[in-house]
Structure formats: structure tokens, C-alpha cells
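Sequential numbering from 26 applies to the sequence shown in my numbering. Think of the CB as a built atom: it goes at the ideal place given N, C-alpha and C, for glycine as much as any other residue. Note that the coordinates shown come from a computational prediction; the quantities given were computed from them, not determined experimentally.
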Amino acid sequence: MYKIKSANYKNRNLRKKALDAIQSELIKIKPDVTIQKIQNKFQSLKQNANKEFKKCNNSKRSGADQDAVIEPSLWYYEMLRFIFDNCSQREALDSFDEIESQDDVVMSDDDEMQEYVIEEVLQ
Numbered sequence: 026m027y028k029i030k031s032a033n034y035k036n037r038n039l040r041k042k043a044l045d046a047i048q049s050e051l052i053k054i055k056p057d058v059t060i061q062k063i064q065n066k067f068q069s070l071k072q073n074a075n076k077e078f079k080k081c082n083n084s085k086r087s088g089a090d091q092d093a094v095i096e097p098s099l100w101y102y103e104m105l106r107f108i109f110d111n112c113s114q115r116e117a118l119d120s121f122d123e124i125e126s127q128d129d130v131v132m133s134d135d136d137e138m139q140e141y142v143i144e145e146v147l148q
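Below is the structure:
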């Protein structure tokens, strides 16, 4: 139901059948369960797992020491690893290189302005 790469992911009929099957099993334990409640619970689990995934990955990408890397604390984290197949982290950028390239642009604009002023004076 939540595996985006699955061929049946967009099949509403199969999704409805799966939710009905889950509901019929859960009704035995909790009689007031609805499909909406099941969907909300799935969404909540998915969001919490994604937050944990991002938190762990950001700690790895930050350049922190291995001791400072955050380990997942959710008990169901490993069970929902299939969700993370759809999460692609952007490659980290080196902000120092970005600042240097911005300085180059500013300097080149100044150089062009100086050349323009010199040409005006010479004419």
C-alpha cells in the first residue's frame, strides 16, 4: 500500500481490498476501528519514520564524529525501511566553495566596471 515503486501502488481497488482485510482483522481486537483510522495510523507511522530517517541521515552528513551520529530510536524503524527507498538525499554542498565562487563573480563584475571606466577616460 505504501511501496511507491510497486506496480500496484496506484491501484485503488487493491488498496481498498487491503484496507478492508486489515479492518476485518483489527475489528476482532478493536471493534470501533474504521478505514480512516487505519489510514491515519499508517500515515502517522510513515511520517515518524521519515522524520527519524532524516534526523539520522542529517547527523551522518553533517560531518560529525562517528560518536555523534544519531541512531534510530523507533522500535518499528527497521520494519519500515522500504519507505526510505523513495527518499533521496541531495548531495551535500561545500558552502566554502560557494562563497569563493560568489567572490569571483563580484570581482569579475568590478573588473568589467573598471575596464569600462578606463575606456571612457581614454576616449
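If you draw a straight line from the Cα of F67 to the Cα of E96, it comes to about 22 Å. About 20 Å separates the beta carbon of K62 from that of I108, a gap too long to meet the 8 Å contact definition. Annotated three-state conformation of D45 is helix, per DSSP. For the set Y101, Q48 and E77, the Cα lying nearest the Cα of V94 is the one of E77.
Residue nearest to C81 within the set Q64, S69, R106 and D57 is R106 (criterion: CA-CA distance). Of all alpha-carbon atoms in N38, L99 and K42, the one lying nearest the alpha-carbon of A74 is that of L99.
Per DSSP, F109 lies in no alpha helix (DSSP H) segment and is marked neither H nor E.
Between the alpha carbons of K41 and S31 lies a gap of roughly 16 Å. The DSSP-derived three-state label of E96 is coil.
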